[in-house]
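*Asks:*
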Amino acid sequence: MVSPGKLTRPAWSALLVLCFFGVLLIVQAPVSVNYDENGDISISKSGRNRLVSYQTIQLPNASVRRVFTSKVDPPNPSEQQILLLTLTNDLSSWGRMEVYYHRNWTFTDYIARIRKQNLPPGQISLGLLTTSEEAFDEYTSDIMALKEPMPWTSAEIIYIPELPLPADHVDVNADDKPDKTLKHQWHHRRYLARLRNYLTSITLKSYHRHIVWLDPDVWQIPEGLFNRFVKIGNIFPDTDITPMVRAGLPASTPGKEIKALPPGLITLRSENFDNDDYDRNSWNGYGKRPSSWELNQILKKDRKFPGMENWAKSILQLLGGTTNQDLVKLDSVGASALYIRAELVREGLIFPPYPAVGTEWDKSGKDGVETEGLCYVAQRMGWGCYALGGRWHTKHSDS
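Each residue of the sequence shown is one higher than the one before, starting from 0 at the first, in numbering that gives the first Met the number 0.
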């Protein structure tokens with residue numbers, strides 16, 4: 000062992016540097032052992048830099064929860080109005096743009112998109128769930144590597160390999176391609192509904208007034224979208240919004256005036272490079288939903304099909320003649336970009352993990368799984384579903 004008296008000046012310098020980084024590592028990642036109400040051990044680990052601090056907790060059901068807090072815009076419940084929620088399977092969930100950019104999108108790109116909404120970070124909380132441990136660690140690295148403050152005041156990132164209850168479990172990492180059976184897609188939607196409900200229940204706080212769901216592969220968000228969502232969501236429930244709803248409402252008849260329900264859910268058209276209606280879950284009406292080919296024939300060639308007057312109408316069929324200030328009534332929505340009034344969730348609105356439409360005591364329903372059942376439930380709670388009119392739209396990755 001070398002005694003301190005025999006160390007040269009360079010050696011002393013090296014020793015001091017090692018000591019400094021040793022202390023720094025200890026400061027950034029202290030570990031403590033906690034016990035929950037059931038006596039289960041959870042390991043808590045924390046870290047920080049000049050912009051953000053975080054705490055990691057190992058939950059009893061094998062999931063991990065990491066909470067990030069901005070040191071620049073500390074959380075203030077009186078300001079935190081918007082809860083932004085996103086589900087990912089793994090790092091590929093952010094999508095790829097082969098046609099225009101020849102690149103894969105990442106969580107860092109997602110952060111940049113939210114920043115472009117130009118909202119005060121103190122208004123936004125993020126909830127992000129992944130089923131990939133690799134992605135969970137990558138998201139942490141991305142946040143800790145930011146050179147400027149987060150576009151939200153706090154973020155909860157959750158890694159959960161599978162949900163606690165085993166019923167109807169489907170591998171969410173499996174490809175959901177068109178050649179998969181309808182039964183597989185149905186079970187996949189059920190599991191997605193459960194994941195959405197799980198993430199909402201963990202991240203929704205008493206001070207959140209607005210929930211915004213955003214798919215990870217949405218690569219372009221229109222400027223001012225979040226502000227538009229919030230403005231409509233803040234409309235007082237007793238306000239008659241019928242003049243704003245330019246399509247989708249049944250026609251009033253003598254002695255029976257049709258009024259629009261107050262806005263509880265709001266979405267908008269989504270497109271990718273070759274499809275103007277990428278998210279095919281936004282409809283008005285309850286009849287047959289035309290296929291992509293049939294819809295293209297109707298819209299671009301003005302073709303008529305037998306019985307089509309009773310078909311459900313796509314969001315594309317409803318937007319003609321509307322402006323950016325208008326709304327279009329829907330009976331089904333997708334979650335590519337979806338606003339939900341938070342009070343509805345507190346009062347019982349969920350993503351149905353079963354076909355909600357047509358359910359009987361001894362028989363399952365026939366439609367309305369996951370996002371497609373939201374409006375069915377919301378309307379029975381006295382709230383309406385709408386799409387933004389005019390040119391509002393998001394753009395999706397092409398793969």
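Just so you know, even glycine gets a beta-carbon here, dropped at the ideal spot from N, CA and C.
1) Could you tell me which residues DSSP pairs with Pro262 in its beta bridges?
2) Are the beta-carbon atoms of Ser313 and Asp276 separated by less than 8 Å?
3) Hey, could you find the ends of the beta strand (DSSP E) Glu359 is sitting in?
4) Go to Gln219, then tell me how far its beta strand (DSSP E) extends in each direction, as first and last residue.
5) Which residue marks the beginning of the alpha helix (DSSP H) containing Tyr138, and which one marks its end?
6) Between Asn60 and the ligand SAH, is there a pair consisting of the residue's CB and a ligand heavy atom that are separated by less than 7 Å?
7) Since I believe Val66 is in contact with Tyr53 (beta carbons under 8 Å), could you give me their beta-carbon distance rounded to a whole number of angstroms?
8) Among Leu326, Val356, Ile156 and Cys384, whose alpha-carbon lies nearest the alpha-carbon of Leu343?
9) If you compare alpha carbons, which of Leu267, Phe272 and Arg47 is closest to Asp397?
10) List the DSSP bridge partners of Ser313.
11) Looking at the unbroken beta strand (DSSP E) that takes in Glu155, where does it start and where does it end?
12) Kindly indicate which three-state DSSP category Asn274 falls into: helix, strand or coil?
13) If you reduce the DSSP assignment to three classes, tell me which class Ile123 lands in.
14) Can you name, in chain order, every residue of its own chain whose Cβ lies under 7 Å from the Cβ of Arg188, other than the five neighbours on each side?
15) Do the CB positions of Asn283 and Leu337 come within less than 8 Å of each other?
16) List the endpoints of the continuous beta strand (DSSP E) containing Thr85.
17) Do Trp212 and Leu84 have their C-beta atoms closer together than 8 Å?
18) With DSSP collapsed to three states, give me the class of Lys230.
19) If we ignore side chains and look at the alpha-carbon of each, how far apart do Lys115 and Thr152 end up?
20) Bridge partners of Gln116, per DSSP?
21) According to the neighbour-count rule (16 or more other Cβ atoms, all chains shown, within 10 Å of its Cβ), is Gly21 buried or exposed?
22) Taking only three categories from DSSP, how would you classify His187?
23) Please name the residue or residues paired with Gln57 in a DSSP beta bridge.
24) Go to Ala246, then tell me how far its alpha helix (DSSP H) extends in each direction, as first and last residue.
25) Residues in the same chain with beta-carbon distance under 7 Å from Ser281, minus the five sequence neighbours each way, listed in chain order, please.
26) Taking Lys394 as the reference, which of Arg345, Leu224 and Ile220 has the closest Cα?
27) With distances taken from CA atoms, which of Gly232, Arg379, Gly388 and Phe235 is nearest Thr322?
28) Please classify His101 as buried or exposed, where buried requires at least 16 neighbouring CB atoms within 10 angstroms.
29) For Gly126, tell me which candidate among His207, Leu373, Ala377 and Asn226 has the shortest Cα-Cα distance.
30) Pairing CB atoms from the region 126-146 with CB atoms from the region 74-81, are three or more of them under 8 Å?
31) What are the boundary residues of the alpha helix (DSSP H) that Leu343 is part of?
32) Asn196 by DSSP, collapsed to three states: which one?
33) Report the rounded CA-to-CA distance for Asp141 versus Met149, giving the unit in angstroms.
34) Note down the Cα distance separating Ile113 from Val356, rounded to an integer number of angstroms.
35) Between the C-alpha atoms of Glu346 and Val98, what's the straight-line distance to the nearest angstrom?
36) My assumption, with CB atoms under 8 Å, is that Gly319 sits in contact with Pro351. Please give the rounded CB distance.
*Replies:* Here's the rundown:
1) Sequence index remark: in the sequence shown, residue 262 carries index 263 (1-based). DSSP output for Pro262 lists Gly383 as bridge partner(s).
2) Here the question's residue 313 lines up with position 314 in the sequence shown. Here the question's residue 276 lines up with position 277 in the sequence shown. Pairing Ser313 with Asp276 gives a Cβ-Cβ distance under 8 Å.
3) Locating residue 359 in the sequence shown gives position 360, counting from the first residue. Counting along the chain, Glu359 sits inside no beta strand (DSSP E), nor does DSSP assign it H or E at all.
4) Your numbering for residue 219 matches position 220 in the sequence shown. Segment Val217 to Gln219, the beta strand (DSSP E) holding Gln219.
5) For the purposes of this step, residue 138 is identified with residue 139 of the sequence shown, where counting begins at 1. Judged by DSSP secondary structure, Tyr138 falls within the alpha helix (DSSP H) whose first and last residues are Glu132 to Met143.
6) The ligand content of the structure shown is nil, which means the ligand SAH is not present either.
7) Within the sequence shown, residue 53 is the residue found at index 54, counting from 1. Within the sequence shown, residue 66 is the residue found at index 67, counting from 1. So it is a contact: roughly 6 Å between Cβ atoms.
8) The residue labelled residue 343 in the question sits at position 344 within the sequence shown. Residue Cys384 is the option with its Cα nearest to Leu343.
9) Stepping through the sequence shown from its first residue, residue 397 is reached at position 398. Comparing Cα positions, the closest option is Phe272.
10) Translated into the one-based positions of the sequence shown, residue 313 becomes position 314. Its beta-bridge partners are Trp282.
11) Walking along the sequence shown from the start, residue 155 turns up at place 156. Taken as a continuous stretch (DSSP letters only), the beta strand (DSSP E) holding Glu155 covers Ser153 to Tyr158.
12) Sequence index remark: in the sequence shown, residue 274 carries index 275 (1-based). Strand, per DSSP.
13) If you number the sequence shown from 1, residue 123 lands on position 124. Ile123: strand per DSSP, three-state reduction.
14) The residue labelled residue 188 in the question sits at position 189 within the sequence shown. Around Arg188: Val368 and Glu369.
15) On the sequence shown, position 284 is the one that residue 283 refers to. On the sequence shown, position 338 is the one that residue 337 refers to. Here Asn283 is not near Leu337, since their CB atoms are 8 Å or more apart.
16) One-based indexing of the sequence shown puts residue 85 at position 86. Unbroken beta strand (DSSP E) run through Thr85: Ile81 to Thr87.
17) Taking the sequence shown and counting its residues from 1, the one referred to as residue 212 is at position 213. Taking the sequence shown and counting its residues from 1, the one referred to as residue 84 is at position 85. Against a cut-off of 8 Å, the Cβ pair of Leu84 and Trp212 comes out as a contact.
18) In the sequence shown, the residue the question calls residue 230 occupies position 231. If DSSP states are grouped into helix, strand and coil, Lys230 belongs with the helices.
19) As a position in the sequence shown, residue 115 is number 116, starting the count at 1. As a position in the sequence shown, residue 152 is number 153, starting the count at 1. So the alpha carbons of these two residues sit roughly 15 Å apart.
20) What you label residue 116 is simply residue 117 of the sequence shown in a count that begins at 1. Gln116 is not bridged to any residue.
21) Within the sequence shown, the letter at position 22 stands for residue 21. Its pLDDT being 42, under 50, Gly21 is placed unreliably by the model, and nothing is read from it.
22) Mapped onto the sequence shown, residue 187 falls at position 188. Helix at His187.
23) Position 58 of the sequence shown, counted from the start, is the residue given in the question as residue 57. For Gln57, which the question treats as bridged, DSSP gives the partners Val63.
24) Along the sequence shown, read from residue 1 onward, the residue named residue 246 stands at position 247. Segment Val244 to Ala246 is the beta strand (DSSP E) holding Ala246; no alpha helix (DSSP H) there.
25) Sequence index remark: in the sequence shown, residue 281 carries index 282 (1-based). Taken in chain order, the residues that qualify are Thr266, Ile314, Leu329, Ser331, Val332, Gly333 and Ala386.
26) Residue numbering aside, residue 394 sits at position 395 when the sequence shown is read from its first letter. Considering only alpha carbons, the answer is Ile220.
27) On the sequence shown, position 323 is the one that residue 322 refers to. The option with the nearest alpha carbon to Thr322 is Gly388.
28) In the sequence shown, residue 101 corresponds to position 102, counting from 1. Answer is exposed; the Cβ neighbour count stays below 16.
29) Against the sequence shown, residue 126 aligns to sequence position 127. Looking at the Cα atoms, His207 is the closest of the given residues.
30) no
31) In the sequence shown, counting from the first residue as 1, residue 343 sits at position 344. Ala341 to Arg345 is the span of the alpha helix (DSSP H), which, as asked, contains Leu343.
32) As a working note, residue 196 is residue 197 in the sequence shown. DSSP places Asn196 in helix when its eight states are reduced to three.
33) Residue 141 sits at position 142 when you count from the first residue of the sequence shown. Residue 149 sits at position 150 when you count from the first residue of the sequence shown. Computed Cα separation, rounded: 11 Å.
34) Position 114 of the sequence shown, counted from the start, is the residue given in the question as residue 113. Position 357 of the sequence shown, counted from the start, is the residue given in the question as residue 356. Taking C-alpha positions only, Ile113 is separated from Val356 by approximately 35 Å.
35) Here the question's residue 346 lines up with position 347 in the sequence shown. Here the question's residue 98 lines up with position 99 in the sequence shown. Using only the alpha carbons, I get a separation of about 44 Å.
36) For this step, residue 319 is matched to residue 320 along the sequence shown. For this step, residue 351 is matched to residue 352 along the sequence shown. That belief does not hold up - the Cβ atoms of Gly319 and Pro351 are roughly 31 Å apart, past 8 Å.
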